[in-house]
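Taking it in order: structure first as structure tokens, then the write-up.
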Amino acid sequence: VFRGFGGGVGRTAKAKNEGSTNGQGRWPKKSAEMLLGILKNAESNAEVKGLDADTMIVDHIQVNRAIQQRRRTYRAHGRINPYMSSPCHVEVVLAEKVESVKKEEEARGPKVSAKQAARLRLQSGSTSAK
50 VFRGFGGGVG RTAKAKNEGS TNGQGRWPKK SAEMLLGILK NAESNAEVKG
100 LDADTMIVDH IQVNRAIQQR RRTYRAHGRI NPYMSSPCHV EVVLAEKVES
150 VKKEEEARGP KVSAKQAARL RLQSGSTSAK
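Our numbering applies: residue 50 is where the sequence shown begins, and numbers increase by one.
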């Protein structure tokens with residue numbers, strides 16, 4: 050749901066239901082298709098490397114701006130305006146999901162602060178610090 054730069058974005062009931070305050074929303078179909086293509090490529094790369102594609106998870110994903118590419122568009126009265134494209138770099142890191150092992154709880158007494166520990170040492174008669 051987009052709030053800033055909302056000029057020219059149509060209002061829809063779906064966007065309103067998704068939490069938009071003004072009912073405006075976009076669905077970036079082309080970007081989503083590109084990302085699905087990248088994920089399919091990553092899956093085939095995992096299979097080639099001998100990894101289990103079913104246990105792969107997206108560990109990190111990042112999109113950065115790339116350098117704008119310049120073209121020119123010709124306007125009326127002999128003028129020329131820039132016609133820029135704004136590409137991006139998509140970085141996806143996949144990792145195999147590892148089963149987490151629960152840490153075994155140690156049998157301990159109640160937690161004691163440093164002040165309470167010093168008091169207990171004085172009462173027991175030991176003077177050496179741990």
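Quick reminder that beta carbons are idealized off the backbone N, C-alpha and C, glycines included.
Residue 155 and residue 168 have their C-alpha atoms spaced approximately 25 Å apart. Shown here, residue 94 sits in a helix according to DSSP, grouped into three states. In chain order, 145 place their CB closer than 8 Å to the CB of residue 100, counting only its own chain and leaving out the 5 sequence neighbours on each side. The three-state reading of DSSP puts residue 100 in coil, since its state is none of H, G, I, E or B.
Looking at the backbone, the Cα of residue 121 and that of residue 80 are separated by about 24 Å. Residue environment: residue 68 is assigned as exposed (fewer than 16 neighbouring CB atoms within 10 Å of its CB, all protein chains considered).
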